[in-house]
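Protein chains in written order, with the numbering used here: chain P, -19 to 93; chain A, 4 to 114.
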């Protein structure tokens, strides 16, 4: 089973709202990722969690706040977003060590008004 | 110079033909190479990964890696209209967890 689930599938929020994106995997993977993808562009890495600790933050604005409550869950808390933050937000998980293969969830399509 | 470069296409091939997708990368320390397929509005789906020089075959797909030339390719034999999608090349260094994607090549297979 290589399933990564994400909720919600779609989200519309205003610039003053606070919302959270959720991601879950039960493959025993110890690395989890958040990516942002704009239309007709490749995914851009935002954050990496390794063994539930933040290992990579690609200089993402503080209005995006990741959280990894346990090895199966990954959240992305959103606050005071801008319209240009509208995008598809992808979660992925992968094994640690050696060559990692990442499996993507279906994504959350976010629209900021 | 971009870390991972792909011809954005679009690449158009007739049904039943071989589609050849190419990717070059700049970091010689890269160890792992991946091909993802992404249908419009969907998330990337892993097709193949390759770590060693040479060819790796999986059904109609063959990945080719040449580390000396910093080049990786994906061949799709007997192309089908359902293969029409954007193909993303991704590269990472082992243990770094920082997979970098190329811009993707849009493939259209015409019936």
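The beta-carbon is built from N, C-alpha and C at its ideal position, and this holds for glycine as well.
Residue-chain proximity (residue i, chain P), Cβ-Cβ < 8 Å
{"i": "residue 69(A)", "result": "no"}
{"i": "residue 46(A)", "result": "yes"}
{"i": "residue 106(A)", "result": "yes"}
{"i": "residue 56(A)", "result": "no"}
{"i": "residue 77(A)", "result": "no"}
{"i": "residue 30(A)", "result": "no"}
{"i": "residue 64(A)", "result": "no"}
{"i": "residue 10(A)", "result": "no"}
{"i": "residue 14(A)", "result": "no"}
{"i": "residue 61(A)", "result": "no"}
Below-8 Å beta-carbon distance, residue i vs any chain A residue
{"i": "residue 93(P)", "result": "no"}
{"i": "residue 44(P)", "result": "no"}
{"i": "residue 67(P)", "result": "no"}
{"i": "residue -8(P)", "result": "no"}
{"i": "residue 31(P)", "result": "no"}
{"i": "residue 87(P)", "result": "yes"}
{"i": "residue 5(P)", "result": "no"}
{"i": "residue 84(P)", "result": "yes"}
{"i": "residue 70(P)", "result": "yes"}
{"i": "residue 53(P)", "result": "no"}
{"i": "residue 28(P)", "result": "yes"}
{"i": "residue 11(P)", "result": "yes"}
{"i": "residue -13(P)", "result": "no"}
{"i": "residue 25(P)", "result": "yes"}
{"i": "residue 22(P)", "result": "yes"}
{"i": "residue 0(P)", "result": "no"}
{"i": "residue 35(P)", "result": "yes"}
Assigned secondary structure, residue i (DSSP; H/G/I helix, E/B strand, else coil)
{"i": "residue 61(A)", "result": "strand"}
{"i": "residue 47(A)", "result": "coil"}
{"i": "residue 84(A)", "result": "helix"}
{"i": "residue 36(P)", "result": "strand"}
{"i": "residue 25(P)", "result": "strand"}
{"i": "residue 6(A)", "result": "coil"}
{"i": "residue 127(P)", "result": "Given that chain P is displayed from residue -19 to residue 93, the structure contains no residue 127(P) and the question cannot be resolved."}
{"i": "residue 50(P)", "result": "strand"}
{"i": "residue 69(A)", "result": "strand"}
Residue i - partner residues in DSSP beta bridges
{"i": "residue 69(P)", "result": "16(P), 88(P)"}
{"i": "residue 112(A)", "result": "16(A)"}
{"i": "residue -13(P)", "result": "2(P)"}
{"i": "residue 63(P)", "result": "Per DSSP, none; premise fails for residue 63(P)."}
{"i": "residue 93(A)", "result": "37(A), 104(A)"}
{"i": "residue 57(P)", "result": "0(P), 45(P)"}
{"i": "residue 11(P)", "result": "30(P), 74(P)"}
Residue span of the beta strand (DSSP E) that contains residue i, given as start and end
{"i": "residue -10(P)", "result": "-10 to -7"}
{"i": "residue 79(A)", "result": "74 to 79"}
{"i": "residue 24(A)", "result": "22 to 28"}
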